[in-house]
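Trainee: Sharing a structure here in structure tokens format.
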Amino acid sequence: MESLKVKDYMTLQAVTFNPEMSLSAALDKVMGSKYLGGPVINEQKEVIGFLSGQDLLDKLVKVSYYCQDTHIVADCMHQEVLSVTSETSIIELADMMQVGKPKVYPVIDGGKLVGIITRRDVLRAVAKNLDDCFKHPV
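Here the UniProt record's numbering is used: position 69 in the sequence shown is 69, and no number is missing along the way.
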């Protein structure tokens, strides 16, 4: 299982956000996606933050109550981003997910975003490994 790598299970087409994007525009992106959040990237495709569904919910409940959308993604994103590389092992990532508890990790190679990996992707890798174990017992 140590040989299973993030690159084999990651999603290449990540939902990304621009730091200057309005929260309502970010919500539209989330609602049109199967992910509840994603990396915030600058013009050089560098990850500068992460916007989660919880971040959106926290701000947008107040926005919807007062009918004033003056916030932008940069106002509520997390600037400290937990990330992995495409060469990170699935085992290492599973350990990280137990400690840090994020559901989505940006995959960054050479300082640039190359995809995302989710808990569902990790579970898919584990399921495949279990299936292989039962087909070819050790």
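Where is the CB? At the ideal position from N, CA and C, for every residue including glycine.
Model, not experiment: these values are computed from the prediction.
Given LEU60, which residues of its chain have a CB within under 7 Å of its CB, disregarding the five upstream and five downstream residues?
Mentor: LEU23 and LEU27
Trainee: Which partner residues does LEU51 have in the DSSP bridge list?
Mentor: According to DSSP, LEU51 shares a beta bridge with GLY38.
Trainee: Candidates LEU130, PHE134, ILE116 and LYS45: which alpha carbon is nearest ASP8's?
Mentor: Minimum Cα distance to ASP8 is reached at ILE116.
Trainee: According to DSSP, is TYR9 helix, strand or coil?
Mentor: coil
Trainee: Beta-carbon separation of MET31 and ASP121 under 8 Å?
Mentor: It is not a contact, given that the beta carbons lie outside the stated cut-off.
Trainee: Between TYR35, TYR105, GLU80 and GLU20, which lies nearest to GLU43 when the distance is taken from Cα to Cα?
Mentor: GLU20
Trainee: Could you tell me whether the region 89-99 touches the region 59-78, using the rule of 3 or more Cβ pairs below 8 Å?
Mentor: no
Trainee: If we cut at 8 Å on Cβ distances, does GLY37 have a partner in chain B?
Mentor: The question asks about chain B, but that chain is absent: this structure has only one protein chain.
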